[in-house]
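Enquirer: Would you mind keeping the following structure in view while I ask a few things?
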């Protein structure tokens, strides 16, 4: 689980960096495809982590 959280944090940092660069260049985040693609990756990671957490919580009940 620690490895998955580490990878999630890396993807989140990447998103923040892309967003920062986009804003510095005056490009709206909604129009920057790289930011949008990375945002979708982060969303997928969030879902994956919640699914894993849900499965672990379900097993312990």
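Residue numbers (our numbering): 760 to 820.
Glycine included, C-beta positions come from ideal geometry on N, C-alpha and C.
As the structure is a prediction and not an experimental result, all values here were calculated from the model.
(1) Between residue 798 and residue 791, is the Cβ-Cβ spacing less than 7 Å?
(2) Could you tell me if residue 774 is buried or exposed, where buried requires 16 or more neighbouring beta carbons within 10 angstroms of its beta carbon?
(3) Can you tell me which of 805, 813, 795 and 816 puts its alpha carbon nearest to the alpha carbon of residue 763?
Expert: Quick answer:
(1) As a first step, residue 798 must be located in the chain shown, where it is residue number 39. As a first step, residue 791 must be located in the chain shown, where it is residue number 32. It is not a contact, given that the beta carbons lie outside the stated cut-off.
(2) To locate residue 774, count along the chain shown from 1; it is residue 15. Counting Cβ neighbours within 10 Å, residue 774 comes out buried, since at least 16 surround it.
(3) Position 4 of the chain shown, counted from the start, is the residue given in the question as residue 763. Among 805, 813, 795 and 816, the Cα nearest to that of residue 763 is on 805.
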